[in-house]
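Undergrad: Once you've had a glance at the structure underneath, I'll fire off some questions.
There are 2 protein chains.
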Amino acid sequence: MVENYKQNTNNLHIKKHMVDVAENRVPADLVLKNATYLNVFSSELSYGDIAVANGFIVGIGKYTGNEEYDMTGKIVLPGFIDSHIHLESSLVAPKELAKALISHGTTTLVTDPHEIANVMGTDGIKYMLEATEGLPVDVHFMLPSCVPATPLDESGAELDYKAIDDFYNHPRVCGLAEFMDFVSVVSGENGAIEKLVSAEQHNKMIDGHAPMLKDKDLNAYISAGVCSDHECYDINDALTKLRLGQYIMIREGTAAQNLEALLPLLTPMYADRCMFCVDDRHPNDILNKGDIDYICKKAIKLGANPLITAKVATYNAARYFNLKHCGAIAPNYIADFAIIDSFDNFNVQMVFKNGKLCYDGEVKPFETPIIEPNLVQHAHNTFNVSNVSAKDFKDIKHNIIGMVPGEILTKNQGYAEKVDIEKDILKIAVIERHKHTNHIGSGYLQGYGLKTGAVATSISHDSHNIIVVGTNARDMAFAVNRIIEKHGGIVVVNNEQIVSEVVLEIAGIMTDAPIEEISENLEQTKAAAFKQGVNKGIDPFMTLSFMALPVIPELRMTTKGIFDVLKQTYIE
Amino acid sequence: MVENYKQNTNNLHIKKHMVDVAENRVPADLVLKNATYLNVFSSELSYGDIAVANGFIVGIGKYTGNEEYDMTGKIVLPGFIDSHIHLESSLVAPKELAKALISHGTTTLVTDPHEIANVMGTDGIKYMLEATEGLPVDVHFMLPSCVPATPLDESGAELDYKAIDDFYNHPRVCGLAEFMDFVSVVSGENGAIEKLVSAEQHNKMIDGHAPMLKDKDLNAYISAGVCSDHECYDINDALTKLRLGQYIMIREGTAAQNLEALLPLLTPMYADRCMFCVDDRHPNDILNKGDIDYICKKAIKLGANPLITAKVATYNAARYFNLKHCGAIAPNYIADFAIIDSFDNFNVQMVFKNGKLCYDGEVKPFETPIIEPNLVQHAHNTFNVSNVSAKDFKDIKHNIIGMVPGEILTKNQGYAEKVDIEKDILKIAVIERHKHTNHIGSGYLQGYGLKTGAVATSISHDSHNIIVVGTNARDMAFAVNRIIEKHGGIVVVNNEQIVSEVVLEIAGIMTDAPIEEISENLEQTKAAAFKQGVNKGIDPFMTLSFMALPVIPELRMTTKGIFDVLKQTYIE
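Chains A and B, in that order, give the protein sequences.
With the first sequence counted from 1, adding 266 to any position gets you my numbering.
With the second sequence counted from 1, adding 266 to any position gets you my numbering.
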């Protein structure tokens, strides 16, 4: 209570200054002069000087300020909001990603630290909260709902509803993240329902993840509390969910791209229930294409109304997540602006965050968040696993997991007893690396294309154990041991030599290295994989990382052996 | 924390039942069969069986239930939401008002207990919270922001931001009520700004009240945190506020009726930022015309789109007040339904609250809320004032307050030394009744029309002291003493006899009597006032009740004498 009153006194001074600036009794901290801006309330372009004080917009009209920028000929938009992104998918630390995002006009994002939580548990959530504190992009959180992702997963932690409960009180936590395990929800399993009712008790939002769920199952899933979906790749699926009250996050990421299919949503009847997200986006995509600005540009090119598109990119997500002062250009809203040249070109020219210029062709320096040493220590030591040897990957009879071109589905292709490069039958294995269980699951993989050496990665959804594929046992062991040695990464090996690698020393899934460096590094390593024969049509590492995901039919490689998703049994 | 987990366990059972019903594993508690219903998400009419469990909608499709109603030929709407109402203006206890409102389809309302708080302070807020607990209308609260309304008022309490702070934690408190004292806000006075920042700290909404405020003042007022306005009687005023981010509550009450002027707001560009309210509504208006249903009917008659109108009447207010499970027909929303015959007629035929039938031509019985005895005791004993005598109203020289037909404005009409019935110059007085100050302010009133006797009322905005007007001192004293004797009311007196009266024993402004009785009683008493000469063009009591409001020009009658609002001084 005393804290409240102190806070009140502090806020009192800020608010009085805001009122004084609005009343023109003192000059503004910043004025965007002659601004043509998106008015999200009346869905039109409005015009005026935009005055800013204490990081908030305080007036629109005729103002003077200590800092002024002429907006003539430009369009001022609220800063963009990415409604669903796994920061880990960028492979870089949040401070690095922030640099890239701010230059594309994203000033707010909502992340689900699902990947790092599956490695580090609540420490992973804490790490990401601290790693995003005070960045020039406001990072809000949805708490990971599925750690482990399924009962089959050997992840680094298990989080029930009690484990994450305290995080709801964090001012940047908006709710519970995508509830992937919809089967548990609709069948009413305690563990799942407990998490949902807990989020509702905290009056928070719950994100969904339920591709093609419908009829009674969809009613049950929504009744259970799930408010949104970002897995719609079909307009009818999206409309069914929207009509039943779910918000639709239109996703345009590196792997999944749904904008074109969902374009009819960007119309007056439906747009208010929609927002944009990237879900997973690789570093080179962010650098070369962008984030929400890229989605807007593409939507407008496809024929969407620019005002509607820009509102979906800003205001709507703020309303969904109840970010009260975010997503609009009006008094008492945070002074976050993405300034573009025109709706036709949609090039971000300047970006302001909390009323400070952050980007005008180059990103302005900002302070790096300080992370508690014990969390940093934990993040850099997540490999509790002994070195492996060639005999861990010896030739024995196993099923063959058959890759399907252009899909992450797989097929059961019968059995093999050894590698057969002619037939593109490779050895694949997943090595449990969190809890020293010595669990190694092995099998064969067809369709990957590797002709020599081995490829390994510690990014393997959702538990991020080490997954390795190779033409021979020695290179496989070498690759796995290299990843253990570096505490995480992606490596291409040939003849027990490192051909190319990306070190991912943070939880085995991210790095502190600059995003430009890691992007280049990743492309080089991909090239190395292709050079060793990996099929050109697939992403050598992303495809591999999904081979351990035990929810997608037909066969998956787990730490306990090959799992038949359709039959829900391990097979040998 | 332990409480949380217990609550979780309890909610777990409810949620599992909801999921089971949605999945058709068990029958629903209630099904509205073959329902054509308003889909607020896609702004269209949708169709299906609506299944209800535990008071929540859980599925739309094909369902069977323990209780079923065929909706063929009807239109099912979410229950209506009145976004701003002073319950006290109905003159009856909330349980009585609830009966009337539920029969008109209102299932949720947001009230500002401004009147009772000005009499009883925080006890008044507590009284209203308890008096509305568990009613078949969900009653949410905005905390009174202006107690007293102005520094000139001698009210029953003074509430600063600390006094109301704890109430923000009440689950039915949505924010801070209409901040009438906009002058203090835009001039940055501590007392006002403290209240606003406190509401923002609690992440709550702040309602506004600022007729015709514009330009820098409006920027300042909105920057200070005020989110809405219900005082727009002009479309340009409304559009200015809407474009600057305020929500517009379209008001259609007993005194102020703004719907017709604001009809252009009920269009796709603006409607999402609008809701409906009645502000103040007298019992006979509620009984004879209705509440939000009446506004909808009128809007549609005036040409508004029915789907937009119905959405403004339901969904929009729920979003503004962040009532997460309210205002829509979809899974996980509260099963509140107003069922009408057609958009053309807009007659409410059936009403369900929390999935229970409350009205089908008659209101179903419900439990009366239990109010703590000490609060009841306080509410019935708010008159701390000695009896008056004729000599308290003796003839001396005072200014004349001149009433203006059809307005609540007044004019300074010079001086008088005594009553002059020919010239329609009557004696007027306000008697402080909260704190035994013996303050009596006297003056003359022109334009009221009374020819004999006296009229007195303990409803006088905003402090609810006793206001009396009369042709002679003896009748004035008799009328005032009668009000003191009955602990509140409205009385018409002639020759020291009661001609007609309305007893308002709760805080001097409400009664426990049935609404039908009080409505009839009030009409009789009005008739008595007219019979004694009060001008037909005015409401004898409402008009009187505004004569003590020291914020409206030109002259006002206060407990300390006549106040010149334009000059901001007391005059003699």
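Glycine included, C-beta positions come from ideal geometry on N, C-alpha and C.
Here the structure is a predicted model, which is why all the values come from computation and not from measurement.
Mind listing the chain B neighbours of Phe448 of chain A? Cutoff is C-beta to C-beta under 8 angstroms, in chain order.
TA: The sequence position of residue 448 of chain A within the first sequence is 182, counting from 1. Simply none; closest approach about 11 angstroms.
Undergrad: Got a sec? Which residues, its chain only, sit under 7 angstroms from Pro780 of chain B by beta carbon, not counting five neighbours each side?
TA: Locating residue 780 of chain B in the second sequence gives position 514, where the first residue counts as 1. Result list for Pro780 of chain B: Glu362, in chain order.
Undergrad: So, with DSSP's three-state summary, where would you put Leu843 of chain A?
TA: This structure cannot speak to residue 843 of chain A, because chain A is shown only from 267 to 838.
Undergrad: Checking contacts by CB at 7 angstroms: is Gly454 of chain A closer than that to chain B?
TA: Translated into positions along the first sequence, residue 454 of chain A becomes position 188. Chain B contact via Cβ: present.
Undergrad: For Glu497 of chain B and chain A, any beta-carbon pair shorter than 7 angstroms?
TA: Along the second sequence, one-based indexing puts residue 497 of chain B at 231. Not an interface residue.
Undergrad: Using a cut-off of 9 angstroms between C-beta atoms, extract the partners of Ile347 of chain A located in chain B.
TA: Numbered from 1 along the first sequence, position 81 holds the residue referred to as residue 347 of chain A. Per Cβ cutoff of 9 angstroms: no residues; Ile347 of chain A is ~17 angstroms from chain B at best.
Undergrad: Measure from the alpha carbon of Lys564 of chain A to the alpha carbon of each residue in A:Asn524, A:Lys689, A:Asn290 and A:Cys592, then state which is nearest.
TA: For the purposes of this step, residue 564 of chain A is taken as the residue at position 298 of the first sequence. The residue with the shortest Cα to Cα distance from Lys564 of chain A is A:Asn524.
Undergrad: Please return the same chain residues whose Cβ sits closer than 6 angstroms to the Cβ of Asn305 of chain A, not counting the five positions on each side in sequence.
TA: Counted from its first residue, the first sequence places residue 305 of chain A at position 39. Closer than 6 angstroms at Cβ, skipping near neighbours: Ser312.
Undergrad: From Asn277 of chain B to Asn435 of chain B, what does the alpha carbon distance come to, in whole angstroms?
TA: Counted from its first residue, the second sequence places residue 277 of chain B at position 11. Counted from its first residue, the second sequence places residue 435 of chain B at position 169. The alpha-carbon atoms of Asn277 of chain B and Asn435 of chain B are separated by roughly 20 angstroms.
Undergrad: What are the boundary residues of the beta strand (DSSP E) that Ala722 of chain A is part of?
TA: By one-based count along the first sequence, residue 722 of chain A stands at place 456. Its beta strand (DSSP E) spans residues Ala720 to Thr723.
Undergrad: Do Met284 of chain B and Val318 of chain B come within 7 angstroms of each other at the CB atom, strictly closer than that value?
TA: The residue labelled residue 318 of chain B in the question sits at position 52 within the second sequence. The residue labelled residue 284 of chain B in the question sits at position 18 within the second sequence. Contact flag unset, no.
Undergrad: Touching or not, the stretch 489 to 498 of chain B and the stretch 549 to 566 of chain B, by the rule of three or more beta carbon pairs under 8 angstroms?
TA: no
Undergrad: Taking Cβ-Cβ distances shorter than 7 angstroms, what residues in chain B pair up with Phe307 of chain A?
TA: Walking along the first sequence from the start, residue 307 of chain A turns up at place 41. Neighbours of Phe307 of chain A on chain B, chain order: Leu508, Arg509, Gly511 and Arg539.
Undergrad: Looking at the strands, I want to know which residues DSSP matches up with Gly371 of chain B.
TA: Here residue 371 of chain B is taken as the residue at index 105 of the second sequence, counted from 1. Beta-bridge pairing links Gly371 of chain B to no other residue.
Undergrad: In the DSSP assignment, find the unbroken beta strand (DSSP E) run with Cys412 of chain A in it and report its ends.
TA: Residue mapping note: residue 412 of chain A aligns to position 146 of the first sequence, counting from 1. For Cys412 of chain A, there is no enclosing beta strand (DSSP E), since its DSSP letter is neither H nor E.
Undergrad: Thr620 of chain B versus chain A: which residues are under 7 angstroms apart at the beta carbon?
TA: Your numbering for residue 620 of chain B matches position 354 in the second sequence. Before going on, a small fix: residue 620 of chain B reads as Asn here, not Thr. Residues of chain A passing the Cβ test: none, with the nearest at roughly 15 angstroms.
Undergrad: Would you kindly check if the distance between the Cβ of Glu820 of chain B and the Cβ of Leu259 of chain B is under 7 angstroms?
TA: With chain B covering only 267 through 838, there is no way to say anything about residue 259 of chain B.
Undergrad: Along chain B, which residues have their Cβ under 7 angstroms away from the Cβ of Lys590 of chain A?
TA: Position 324 of the first sequence, counted from the first residue, corresponds to residue 590 of chain A. Simply Asn469.
Undergrad: Using beta-carbon positions only, say whether Leu641 of chain B and Tyr393 of chain B come within less than 7 angstroms of one another.
TA: The sequence position of residue 641 of chain B within the second sequence is 375, counting from 1. The sequence position of residue 393 of chain B within the second sequence is 127, counting from 1. Closer than 7 angstroms, so yes.
Undergrad: Under 7 angstroms Cβ-Cβ, which residues of chain B neighbour Met515 of chain A?
TA: Numbered from 1 along the first sequence, position 249 holds the residue referred to as residue 515 of chain A. Among the residues of chain B, none has a CB under 7 angstroms from the CB of Met515 of chain A; the nearest is roughly 15 angstroms distant.
Undergrad: Have a look at Gln834 of chain B and Val817 of chain B and give me their C-alpha separation to the nearest angstrom.
TA: Reading the second sequence from its first residue, position 568 is the one you call residue 834 of chain B. Reading the second sequence from its first residue, position 551 is the one you call residue 817 of chain B. If I take the Cα positions, the gap works out to 9 angstroms.
Undergrad: Go through its chain and collect everything with a Cβ distance to Phe649 of chain A's Cβ below 6 angstroms, but skip five positions before and after it.
TA: Residue 649 of chain A sits at position 383 when you count from the first residue of the first sequence. These residues qualify, in order along the chain: Arg699, Ile750 and His753.
Undergrad: What separation, rounded to the nearest whole angstrom, lies between the Cα atoms of Ala794 of chain B and Gly707 of chain B?
TA: On the second sequence, residue 794 of chain B is found 528 positions in, with the first residue counted as 1. On the second sequence, residue 707 of chain B is found 441 positions in, with the first residue counted as 1. A straight-line Cα-Cα distance of about 26 angstroms links Ala794 of chain B and Gly707 of chain B.
Undergrad: Near Ala258 of chain A, what residues of its chain come up, given a Cβ to Cβ distance below 8 angstroms and the 5 sequence neighbours on each side ignored?
TA: In the structure as shown, chain A begins at 267 and stops at 838. Residue 258 of chain A is therefore absent and cannot be evaluated.
Undergrad: List the endpoints of the continuous beta strand (DSSP E) containing Asn502 of chain B.
TA: Counting from one through the second sequence, the residue named residue 502 of chain B turns up at place 236. No beta strand (DSSP E) contains Asn502 of chain B, which is instead part of the alpha helix (DSSP H) from Ile501 to Arg509.
Undergrad: Taking only the alpha-carbon atoms, compute the straight-line gap between Tyr836 of chain B and Lys555 of chain B and give it to the nearest angstrom.
TA: Looking up residue 836 of chain B in the second sequence gives position 570. Looking up residue 555 of chain B in the second sequence gives position 289. In a straight line, the C-alpha of Tyr836 of chain B is about 41 angstroms away from that of Lys555 of chain B.
Undergrad: Straight-line CA distance for Lys470 of chain A to Val463 of chain A?
TA: Residue numbering aside, residue 470 of chain A sits at position 204 when the first sequence is read from its first letter. Residue numbering aside, residue 463 of chain A sits at position 197 when the first sequence is read from its first letter. Going from the Cα of Lys470 of chain A to the Cα of Val463 of chain A covers about 10 angstroms.
Undergrad: Could you tell me how far apart the beta carbons of Ala594 of chain B and Tyr586 of chain B are, in whole angstroms, since I believe they sit closer than 8 angstroms?
TA: In the second sequence, residue 594 of chain B corresponds to position 328, counting from 1. In the second sequence, residue 586 of chain B corresponds to position 320, counting from 1. With a Cβ gap of about 14 angstroms, Ala594 of chain B and Tyr586 of chain B do not count as contacting.
Undergrad: So that I know if they touch, is there some Cβ in chain A lying closer than 7 angstroms to that of Glu460 of chain B?
TA: Along the second sequence, one-based indexing puts residue 460 of chain B at 194. Taking Cβ atoms only, chain A reaches closer than 7 angstroms to Glu460 of chain B, which makes this a yes.
Undergrad: In angstroms with no decimal places, state the Cα-to-Cα distance between Ile637 of chain B and Ser355 of chain B.
TA: The count along the second sequence starts at 1 and reaches residue 637 of chain B at position 371. The count along the second sequence starts at 1 and reaches residue 355 of chain B at position 89. Separation of Ile637 of chain B and Ser355 of chain B (C-alpha to C-alpha, rounded to the nearest whole angstrom) is 20 angstroms.
Undergrad: Do the stretch 478 to 485 of chain A and the stretch 437 to 445 of chain A touch if we need at least three Cβ pairs shorter than 8 angstroms?
TA: no
Undergrad: Mind checking who Phe542 of chain B pairs with in its DSSP beta bridge?
TA: In the second sequence, residue 542 of chain B corresponds to position 276, counting from 1. Phe542 of chain B is bridged to B:Ile516.
Undergrad: So Lys791 of chain A packs on Leu589 of chain A, CB below 8 angstroms; how close in whole Å?
TA: Counting from 1 along the first sequence, the entry for residue 791 of chain A is found at position 525. Counting from 1 along the first sequence, the entry for residue 589 of chain A is found at position 323. With the sequence shown as reference, residue 791 of chain A is identified as Thr, and Lys is not the correct amino acid for it. No, Thr791 of chain A and Leu589 of chain A are not in contact; Cβ-Cβ is about 38 angstroms, not under 8 angstroms.
Undergrad: If you drop the 5 nearest sequence neighbours on each side, which residues of the same chain put their C-beta closer than 6 angstroms to that of Ile725 of chain A?
TA: For the purposes of this step, residue 725 of chain A is identified with residue 459 of the first sequence, where counting begins at 1. Once the five neighbours on either side are set aside, the close Cβ partners of Ile725 of chain A are Ile775 and Ser811.
Undergrad: Any idea if His702 of chain A is buried or exposed, counting beta-carbon neighbours within 10 angstroms, 16 or more meaning buried?
TA: For the purposes of this step, residue 702 of chain A is taken as the residue at position 436 of the first sequence. Classification of His702 of chain A: exposed, given that the 10 Å Cβ count is below 16.
Undergrad: Mind checking Gly803 of chain A: buried by the 16 CB within 10 Å criterion, or exposed?
TA: Reading the first sequence from its first residue, position 537 is the one you call residue 803 of chain A. That one is exposed.
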